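So for the sequence shown, our numbering puts the first residue at 253; every next one is plus one. Take a look at the structure set out below.
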Amino acid sequence: MTLSTISVSDMHCAGCVSKIERALRELEGVLETHINPARRQVLVEHADGTETATLLARIEAAGFHPCLTSNPRQSFRQRDLLKRLGIAGLAMMQVMMAALAMYSGAFEGMDPAVRRLFEITSLTFCIPVVAYSAMPFFRNAIVAWRTGLNMDVPIALAIACAFAVSLAHTPDGAGEVYYDSVVMFTFLLLTARYIDDRLKQRFDMSNAALAALPATGLVLDNNRRVPTPLAEIAAGTRLWVEQGNQVPLDGRVESAGATLDESVLTGESQWVSKASGETVYAGTLNRGAGFCLHTTATYDSTRIAGIADLANRAQADKPQVAQLADRIAAVFVPAVLCLATLTFVAWQLVNPEKAFVAALTVLVVSCPCALSLATPAAITAAMTRLRQTGIVLTRSDALMQIARVNAALFDKTGTLTEHAPDLVNVVLLAEVGVDRDEVLDIAAALQQHANHPIARAFPEPERAVVNDARVVAGAGVEGRWQNRAVKIGSGAFCGLPDGSAETGIFLAVDGTPAARFEIADPLRPDALPAVAALRQAGIRSTMVSGDAEDRCAALATQLQIDYVARQAPETKLEITRALQERGDQVMVVGDGINDVPALAAANVSVSVLESSDLVKSRTDVLLLSRRLGALVDLVAVGRRAAGIMRQNLAWALSYNLIAIPFAALGFMPPWVAALGMASSSTLVMLNATRLLRVPVWRPPADNDQNKLPGR
């Protein structure tokens, strides 16, 4: 299966979305299509044998201009819009002055020859607006008649009809002219689309850095630094990272150390020091001296590439409320055309002089663009803001779920505590033919196969080699060392009797508990104020851990939360479902394989960057930041986004329900309709940008002030 990202710069309404979805759905090999109209981006999951060129050709046949890179096309589109907008603006100023004079003359009297002069002047300035500025509407409408209706059809009809009727009335001066409405309608629509494009570009800027890596890396070859395309660099290659340059690929530091700016990943501006052997990630910036990097990933398998893929999938994903809005908008265009026709026929029976104006106004005022943009704009803005704070959503529908969360279940180790546990003591429990150094070496060899944070407390094995290693979820790791069965993990897993008071991590050799490892498990620095802030927001927190009772009790007392100790993966799942059956909306935060069942069942699942690929594939939210307070940001933005989505949908529906009857009854002139149509789309976009200003939560000095930002 392959995921292709395609930019479609001329997609701007629900009709466009429907046409593209229909065109791709009929293509063999296409598995699933995700379209984000707010970013004008199409993500297509397709079979490996389906060429990207075939997808592009199919979208082009539907009447669009697709490309694989969005920036050049986006810049060209904005320059083109700006030129068309400038001509429409200059013409509008001249035509409106003539229209003002004619409106004044209608009340105080005007010589017919002078009126004809003003009409011809208006026609002169209106021609370039219709022939050039409005041409994108006409092109899209012509294509739409063949491939399926979109919002450019009523727009083009309104402009063409108003101009044609005005042109017919100009030679003999018998009848009204609507040149002012034509130029104003075109100018306002182009203004709205230009603002729309600028806002979308702003949304994209934050995410652009996520996938932006240098084109080449400096490969070390016999003390020479050879510039090499990243796509050609294999894992295990030694690279040199210059001061001030981005780290090109994931890897380990081979020099004495490195100083990095990881803000592109975590959203935190404070630089981080890395010792020799520590892992660094592609996309981070080298702020210290140059260093040698031993790569552990290829260009396509870097962590930042995976995160960018998750972010793109989520932005193209549609929550249920957006799908409902799209379904409404998809049937809106035919309904508008029918309504405009009925309005014309009805006024012909009542007052033929008003028939054309009323029908024209209905065409102008009714636009589902605001409705189709109401949720994608808010989703894109929310995800951009979260991305800036070190949070990536992998499913956009999680935004609505986050707003309703009232209970949180936390794993302990690596979630509430640091991902850097320390091994502070080794206690031998029985004589099994191995000394203390061998015990530690065997344990280190077993932990090489584990992905639990506690495994990081053990050093690299020196001599011991473990064969047939197998991870037992929620218990530990087992294997064979020198033909002897060895295990590391919980007391019960390693053979300690039930009810034993011994706590810690144990090693068993041939079924006999041989050693206990005491691990220091420091609490995350901001865990206490972050949990307090969630409590202040009405979210009850509970720690659910497989660790020993006494260790869990001590940590829960410090955090002032409930806890449940010695829990297996199955019981974590049962606790999650029990809360849901009680009516709670549950957020589960974890990082280990033993958390996967609970994460999969949660209303909102959250994992941290250090989690395994399996864990991250089961979660809705990925925390890139080391701050546990990022959860507070998540809840704040989620609640604000849900409110803004409701506001946008309410405005879009109310506008159409109120404006269309006024237009059909003849109470609204065409220029007012043009202003309302253009402003409705702009308003929902501007309302969505409020999400970009939600402040980042920081641990306050006074714990009584642990409140969500923006509330």
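Positions of the beta carbon are idealized from the N, C-alpha and C atoms, including for glycine. Keep in mind it's a predicted model, so treat the numbers as computed, not measured.
Asked: Which residue wins for smallest C-alpha separation from Gly301, given the options Leu470, Phe316, Glu280, Phe596?; Found: Glu280
Asked: Return yes when the Cβ of Val840 is within less than 8 Å of the Cβ of Thr828, no when it is not.; Found: yes
Asked: Can you check the region 734 to 818 for any alpha helix (DSSP H) of at least 4 residues that lies completely inside it and give the ranges in chain order?; Found: 779 to 788, 801 to 811
Asked: Span of the alpha helix (DSSP H) holding His421?; Found: 404 to 421
Asked: In three-state DSSP terms, what is Gln477?; Found: The question names Gln, but residue 477 is Arg in the sequence shown. It is a strand residue.
Asked: Note the first and the last residue of the continuous alpha helix (DSSP H) segment covering Met652.; Found: 650 to 654
Asked: With distance defined between alpha-carbon atoms, name the residue in Asp689, Ala716, Thr548, Leu681 nearest to Leu698.; Found: Ala716
Asked: Bridge partners of Val505, per DSSP?; Found: Leu545
Asked: Going straight from the alpha carbon of Tyr533 to that of Leu337, what length do you get?; Found: 44 Å
Asked: State the Cα-Cα distance for the pair Pro324 and Thr669, rounded to the nearest angstrom.; Found: Interpretation of Pro324 is limited by its pLDDT of 43, a score under 50 that renders its predicted location unreliable; the figure taken from the coordinates is listed afterwards. C-alpha separation (whole angstroms): 45 Å.
Asked: Would you mind sorting Pro481 into buried or exposed? The rule is 16 or more other CB atoms within 10 Å of its CB.; Found: exposed
Asked: Mind checking whether Val867 and Val889 have CB atoms under 8 Å apart?; Found: no
Asked: Under the assumption that Leu638 contacts Ala894 (Cβ atoms under 8 Å), give the Cβ distance between them as a whole number of angstroms.; Found: Contact doesn't hold; Cβ gap of about 14 Å is too wide.
Asked: Would you mind reading off the limits of the beta strand (DSSP E) that contains Asn677?; Found: 674 to 680
Asked: What residue range is occupied by the uninterrupted beta strand (DSSP E) comprising Met263?; Found: Looking at the DSSP string, Met263 is not in any beta strand (DSSP E), and its letter there is neither H nor E.
Asked: For Thr511, collect the residues of the same chain with a Cβ closer than 6 Å to its Cβ; drop the 5 residues on either side in sequence, then sort them by chain order.; Found: Trp523, Ser525, Arg539, Gly540
Asked: Which same chain residues end up closer than 7 Å to Glu712 when comparing Cβ atoms and leaving out the 5 residues on each side of it in sequence?; Found: Ala696
Asked: When DSSP labels each residue in this structure, what does Val294 get in the three-state scheme?; Found: strand
Asked: Is the beta carbon of Ala760 less than 8 Å from the beta carbon of Cys746?; Found: yes
Asked: I'd like to know whether the C-beta atoms of Ile372 and Thr422 end up nearer to each other than 8 Å.; Found: yes
Asked: Could you tell me how far apart the beta carbons of Thr550 and Ala487 are, in whole angstroms, since I believe they sit closer than 8 Å?; Found: 6 Å
Asked: Alpha carbon to alpha carbon, what distance is there between Asp885 and Ser322?; Found: The predicted model places Ser322 with a pLDDT of 46, which falls under 50 and marks its position as unreliable; any figure quoted below should be read in that light. Rounded to whole angstroms, Ser322 to Asp885 spans 30 Å at the Cα level.
Asked: What are the boundary residues of the beta strand (DSSP E) that includes Gly842?; Found: 838 to 842
Asked: Kindly indicate which three-state DSSP category Thr285 falls into: helix, strand or coil?; Found: strand
Asked: Ignoring anything shorter than 3 residues, give me the beta strand (DSSP E) runs that lie fully in the region 685 to 728, in order along the chain.; Found: 719 to 724
Asked: Can you check DSSP and say which residues form a bridge with Leu472?; Found: Arg477
Asked: Suppose the cutoff is 6 Å on Cβ atoms and the five residues either side in sequence are ignored; what does the same chain contact list for Ser374 look like?; Found: Val347, Ala350, Tyr431
Asked: What residues are listed by DSSP as bridge partners for Gly731?; Found: Val738
Asked: Residues in the same chain with beta-carbon distance under 7 Å from Gln899, minus the five sequence neighbours each way, listed in chain order, please.; Found: Asn939
Asked: Apply the 10 Å Cβ neighbour rule to Asp956 and answer buried if 16 or more other Cβ atoms are within range, or exposed otherwise.; Found: Its pLDDT being 43, under 50, Asp956 is placed unreliably in this model, and the value from its coordinates should be taken loosely. The residue in question, Asp956, is exposed, as its Cβ has fewer than 16 Cβ neighbours within 10 Å.
Asked: Identify every residue that forms a DSSP beta bridge with Gln498.; Found: Leu537
Asked: Quick check on the DSSP output: the alpha helix (DSSP H) that includes Ser931 runs from which residue to which?; Found: 922 to 940
Asked: Do the CB positions of Gly666 and Asp843 come within less than 8 Å of each other?; Found: yes
Asked: According to DSSP, is Val617 part of a helix, a strand, or is it coil?; Found: helix
Asked: Under the assumption that Leu861 contacts Leu874 (Cβ atoms under 8 Å), give the Cβ distance between them as a whole number of angstroms.; Found: 7 Å
Asked: Pick from Thr627, Leu601, Phe415, Ile556: whose alpha carbon is nearest that of Gln498?; Found: Ile556
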